[in-house]
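Just so it is clear: in the sequence shown, position 26 is 35 by this note's numbering, and no numbers are missing.
Even for Gly, the Cβ is constructed at its ideal location relative to N, Cα and C.
Structure first, commentary second.
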Amino acid sequence: MPQVSFPTHFDHLDDPRRDQGKMHELGDILTVALCGVLAGAEGWKDLATYARLKAGWLDEQLDFEHGTAPSA
10 MPQVSFPTHF DHLDDPRRDQ GKMHELGDIL TVALCGVLAG AEGWKDLATY ARLKAGWLDE
70 QLDFEHGTAP SA
């Protein structure tokens with residue numbers, strides 16, 4: 010079975026965001042959000058805190074187009 014990165018599982022979703030200012034792929038954002046929820050995040054502020062505190066680890070695990078993990 011070929012290896013597939015987790016964010017590619019979200020590739021079939023339509024991205025409702027405008028192209029202007031879009032810094033991260035939707036799959037990357039959803040992957041970081043899912044990791045945050047699994048780690049106990051209960052809201053947007055928790056997700057932003059998770060992304061900030063785990064940025065180094067997330068950068069190692071995922072190939073972000075702009076080099077850094079999405080955060081608020």
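Asked                                                                                                                        : Found
To the nearest angstrom, report how far apart residue 27 and residue 33 are at their CA atoms.                               : 12 Å
Given this structure, state the Cα-to-Cα distance separating residue 21 from residue 38, to the nearest angstrom.            : 14 Å
Roughly how many whole angstroms lie between the Cα atoms of residue 16 and residue 36?                                      : 4 Å
Check for me: the alpha helix (DSSP H) holding residue 58 runs from which residue to which?                                  : 53-62
Thinking C-alpha only, which one of 43, 68, 25 and 62 is nearest residue 18?                                                 : 43
Taking its Cβ as the centre, do 16 or more other Cβ atoms sit within 10 Å of residue 67, making it buried, or is it exposed? : buried
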